[in-house]
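Take a look at the structure set out below.
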Ligand code: ADP
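Residue numbers (my numbering): 199 to 561.
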């Protein structure tokens, strides 16, 4: 449970002029379409912007108000929170907001009303909690190996913290695991204390689909708004080199995300997609009340048995939603109009204001 007093947030929200709400976010990650979408729905917008990073917001003209800060993390400073409050702001969280503000601050000190369930942000950030939620949902995730001695097939080895896959590796036996750990340590790609925290999971051979869902708490309905796939360096570059030359080059793979491209799935896979989204939403309702609220994304691999395996979850807008700042094939099917994830969030806020239900979607 968050330690920011919910009553205090609801009081602040009650005092807001509902005709004059500002949608605000930190200027990074997915802020362009969050702000653009808010404007399209008729809201005033504010960006909390690190000095020197204002160019995209000015050139794309998505922000009405600029709150300039020396460092992104200053968004939690009292003076910034007070300016946000004075603007009647509802803050939309995204990956950079969580990374820079920090979970502790968001849970304990950040009193500005936020869209979504702030308690669920810890569940997507900590691997054990994330796994618990996914197991509880009954969705297919990669099998986990408790001990390197158990490795009996190809596995993917990951380390704690967001590091863009640097130091992650693939191994097919216990011996190879230890050899690669030694090599990563020698290169300082991982620290000695990382070794005991190595997360070993089944390597899933398949195609990557990152599915962008929106759960409307107002309608109790899961929507599929878009899908993307990732460009990752240097693994994508390595795959363009013939196998015999790959060995000569001696490069270690890394999985640093450099971009995203929109994709669609075979239509016959879509029932699976909706089932996965529905199941996750149901499990979240009991594990981290009130559950999902707004955007969430599942990073998946689809095997040649046409099974969708989920290896990662975000419980807020994911960077891949930038592939549909206007519309995706799916958001068009859902709405029949241009609909980005940012606009969908603003639409939910607008509907909540009209129905006097802001307290359902704000924490
Ligand atoms: P991070 O969260 O640090 O970016 P991810 O868990 O997203 O790390 O993994 C990075 C990349 O590694 C993924 O985008 C995917 O290409 C690959 N990957 C992750 N897990 C698996 C797996 N179980 N099997 C195969 N490839 C995987």
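Even for Gly, the Cβ is constructed at its ideal location relative to N, Cα and C. Quick caveat: nothing in here was measured; it's all calculated off a predicted structure.
Classification of residue i by the beta-carbon crowding that lies within 10 angstroms, buried from 16 upward
i: residue 443; result: exposed
i: residue 552; result: exposed
i: residue 333; result: exposed
i: residue 447; result: exposed
i: residue 543; result: buried
i: residue 468; result: exposed
i: residue 526; result: buried
i: residue 535; result: exposed
i: residue 286; result: buried
i: residue 226; result: buried
i: residue 280; result: exposed
i: residue 234; result: buried
i: residue 517; result: buried
i: residue 299; result: buried
i: residue 293; result: buried
i: residue 206; result: exposed
i: residue 445; result: exposed
i: residue 441; result: exposed
i: residue 385; result: exposed
i: residue 466; result: exposed
i: residue 291; result: buried
i: residue 336; result: exposed
i: residue 504; result: exposed
i: residue 449; result: exposed
i: residue 438; result: exposed
i: residue 541; result: buried
i: residue 455; result: exposed
i: residue 531; result: exposed
i: residue 426; result: buried
i: residue 390; result: exposed
Close-in-space but distant-in-sequence residues of the same chain around residue i (CB under 7 Å, 5 per side omitted)
i: residue 230; result: 254, 258, 260, 523
i: residue 413; result: 420, 479, 490, 491, 492, 494
i: residue 316; result: 200, 304, 305, 561
i: residue 396; result: 355, 357
i: residue 328; result: 321, 322, 511
i: residue 251; result: 225
i: residue 567; result: There is no way to answer for residue 567, as the model of the chain reaches only from 199 to 561.
i: residue 216; result: 551
i: residue 558; result: 415, 416, 550
i: residue 274; result: 299, 303, 307, 308
Neighbourhood of residue i by C-beta, 8 Å cutoff - its chain only, sequence neighbours within 5 removed
i: residue 278; result: 246, 265, 267, 272
i: residue 353; result: 343, 368, 369, 370, 375, 398, 399, 400, 401
i: residue 219; result: 241, 242, 286, 287, 288, 547, 551
i: residue 351; result: 370, 400, 401
i: residue 192; result: In the structure displayed, the chain extends from 199 to 561; residue 192 sits before or after that span and is not available.
i: residue 340; result: 354, 399, 400, 401, 402, 507, 509
i: residue 204; result: 561
Own chain partners of residue i with C-beta closer than 6 Å, once the 5 adjacent residues on each side are dropped
i: residue 382; result: 365, 388
i: residue 475; result: 411, 420
i: residue 506; result: 470, 498, 500
i: residue 537; result: 525, 529
i: residue 513; result: 318, 322, 494
i: residue 347; result: 372
Residue i CB to nearest heavy atom of the ligand GDP below 7 Å
i: residue 246; result: In terms of ligand content, the structure shown lacks the ligand GDP and carries the ligand ADP instead.
Given 8 Å, three or more beta-carbon pairs between the stretch 494-514 and the stretch 402-415: Taking 8 Å as the limit for Cβ pairs, the verdict is that the stretch 402-415 does touch the stretch 494-514.
At least 3 beta-carbon pairs within less than 8 Å: the stretch 439-459 vs the stretch 506-526: yes
Segment contact flag, the stretch 300-312 with the stretch 472-487, C-beta cutoff 8 Å, min 3 pairs: no
Continuous beta strand (DSSP E) assignments of at least 3 residues falling wholly in the stretch 413-445: 419-432
Completely contained beta strand (DSSP E) runs for the stretch 324-354, where each covers 3 or more residues: none
3 or more residues per run - each beta strand (DSSP E) lying fully within the stretch 503-551: Fully enclosed beta strand (DSSP E) runs of no fewer than 3 residues occupy 506-512 of the stretch 503-551, in order along the chain.
Segments assigned alpha helix (DSSP H), at least 4 residues, entirely inside the stretch 213-286: 229-238, 253-257, 276-284
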